[in-house]
Amino acid sequence: PIGDDASSEVAAILRDHAGVMWVGTDTGVVRLGEGKRRRFGVRDGLVDASVHALMVAKNGDVWAGSKAGLSRIRGDQVRSYTHADGLPRGRVRAIHQAPDGKIWVGTYGGGLARVGEARLAQVNSRHGLGENYVSRILPDATGRWWMLGNRGLYAAQWRDLNAVAEGRSQTLACTTVREAEGMTEGNGGASPAGWALRSGVLYLPTVDGLARFDPRAIRVDDVPPKTHIERISRADDQEIQPLSGRALLP
């Protein structure tokens, strides 16, 4: 059996770059490779033994998400992050590495968090995120990150998420795919909660079964419309007559 006994529940499975298998259970993370088994638990530094999400980074680090936070396994060393480090409250359900190497975390109820060198940065519905439930993060070819939530799918540009995380912006635009478009509540209690094919098509678990979605079917115009002023009124509702030529507004 995987874990301490035969009753251990498996919620996440991962194969790393070297072909080693990693298994997330309710008693910790188990590494299986070269005929050896190594278990990582709370005594080894995991923030919590019940692991629901696993992700391997480009440098070989394995990241584990649990109901109490996030843990990084590097070799046999474990580093953990909790709410005290800036992680949103809520169990970690999704872990994704951005093109710049930064680790992003999706939580169940707290939105997103970006793991940085110092304190973690949060992005949530207050900034315009579709919702605060993130069970999977899947990028498409245009730089949008599609996230599986309780009300369906939603997406934001990675550059906009970065701008909010870095404090360069307070808001972001978000595209949503809800029940009206044929999507239903995502089902993301295990990892991975969805997969992207090489074609770009996404397959996602929902409470009503398996959903197939092609991001190319959603066209988003990122260019803001030109402003056209038709009427200007004063505070006393008196209309200001247009001037000939151009007028500069304060």
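All residue numbers for the sequence shown refer to my numbering, where the first residue is 8 and numbers rise by one. C-beta: ideal position from N, C-alpha, C; glycine also.
Tell me which same chain residues have a C-beta within less than 7 Å of the C-beta of residue i, skipping the five on either side of it?
i, result
"Trp202", "Tyr210"
"Glu197", "Reading off the sequence shown, one finds Ala at residue 197, where the question assumed Glu. Closer than 7 Å at the Cβ level, and outside the excluded window around Ala197, lie Ala18, Ala19 and His59."
"Thr213", "Thr191, Glu192, Gly193 and Asn194"
"His24", "Val63 and Gly67"
Do you know whose CA, among the options, lies nearest residue i's CA?
i, options, result
"Leu204", "Gly93, Gly137, Ala148 and Lys233", "Ala148"
"Gly193", "Leu179, Asp215, Thr182 and Ser176", "Asp215"
"Asp57", "Lys43, Trp70, Ala18 and Ser132", "With the sequence shown as reference, residue 57 is identified as Ser, and Asp is not the correct amino acid for it. Closest by alpha carbon: Ala18."
"Asn66", "Arg79, Leu168 and Ser87", "Arg79"
"Val130", "Ser176, Pro146 and Asp221", "Ser176"
"Leu217", "Arg45, His24, Ala224 and Val208", "Val208"
"Gly26", "Leu39, Ser15, Val122 and Glu16", "Leu39"
"Ala105", "Arg121, Tyr115 and Arg98", "Arg121"
"Ser206", "Arg223, Gly72 and Leu77", "Arg223"
"Ser132", "Trp29, Ser15 and Leu179", "Leu179"
"Met28", "Arg45, Gly174 and Arg226", "Arg45"
What separation, rounded to the nearest whole angstrom, lies between the Cα atoms of residue i and residue j?
i, j, result
"Val85", "Asp68", "10 Å"
"Arg22", "Glu237", "60 Å"
"Ala91", "Asp244", "52 Å"
"Leu127", "Gly93", "5 Å"
"Ser87", "Thr34", "16 Å"
"Gly42", "Asp83", "17 Å"
"Arg98", "Tyr140", "10 Å"
"Ala125", "Ile239", "48 Å"
"Arg81", "Thr89", "18 Å"
"Gly6", "Glu16", "Look at the range of the chain in this structure, 8 to 257, and you will see that residue 6 is not part of it."
"Gly76", "Leu119", "13 Å"
"Ala187", "Ile225", "14 Å"
"Gly108", "Thr234", "38 Å"
"Trp70", "Gly174", "25 Å"
For the putative contact between residue i and residue j, defined by C-beta atoms under 8 Å, what is the C-beta separation to the nearest angstrom?
i, j, result
"Ala64", "Arg143", "Not confirmed; about 17 Å, so no contact."
"Gly156", "Glu138", "5 Å"
"Asp55", "Lys74", "6 Å"
Are residue i and residue j touching if we call contact CB-CB under 9 Å?
i, j, result
"Tyr53", "Val36", "A quick correction: the sequence has Leu, not Tyr, at residue 53. Yes, the pair counts as a contact, with Cβ atoms nearer than the cut-off."
"Arg96", "Gly113", "no"
"Leu61", "Ile102", "yes"
"Trp153", "Phe47", "no"
"Tyr115", "Gly195", "yes"
"Gly123", "Ala172", "yes"
Which residues in the same chain as residue i place their Cβ atom closer than 6 Å to its Cβ, once the five residues preceding and following it in sequence are excluded?
i, result
"Gly159", "Val184, Arg185 and Met190"
"Leu168", "Val130"
"Pro146", "Trp152"
Given residue i, which residues of its chain have a CB within under 8 Å of its CB, disregarding the five upstream and five downstream residues?
i, result
"Gly150", "Gln164, Trp165 and Arg166"
"Cys181", "Gly135, Leu136, Gly137, Tyr161, Ala162 and Ala163"
"Val49", "Gly35, Asp55 and Ala56"
Is residue i close to chain B, meaning its C-beta is less than 9 Å from at least one C-beta of that chain?
i, result
"Gly97", "Included in the structure is just one protein chain, with no chain B present."
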